[in-house]
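Novice: Take a look at this one; I'll ask things after.
Numbering (my numbering), first residue to last: 164 to 236.
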């Protein structure tokens, strides 16, 4: 559960969204086969919205003293 709280703090960092916006490069992501296949990015809108959902999930889990199991495949 300490890891969940640490993740929530990291995802809630004040400058994180600005850093994400500055580093968002759909052309580079496509060239690196990150979300390949013609995703319609139209700006950083949907990835940022999904990031906020993830951040809020971790914040809520940490507030409730819960652990989060993560599997990246």
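Note that the Cβ used here is the ideal one computed from N, Cα and C, for glycine as well.
For the candidate residues 231, 210 and 211, whose alpha-carbon lies nearest to that of residue 220?
Specialist: That would be 231, whose Cα lies nearest to the Cα of residue 220.
Novice: Measure the CB-CB distance between residue 174 and residue 218 and report whether it falls below 8 Å.
Specialist: Going by C-beta atoms, residue 174 is nearer than 8 Å to residue 218.
Novice: Count the other CB atoms within 10 Å of the CB of residue 233; is the residue buried (16 or more) or exposed (fewer)?
Specialist: The residue in question, residue 233, is exposed, as its Cβ has fewer than 16 Cβ neighbours within 10 Å.
Novice: Mapping DSSP to helix, strand and coil, what is residue 229?
Specialist: It is coil, neither helix nor strand.
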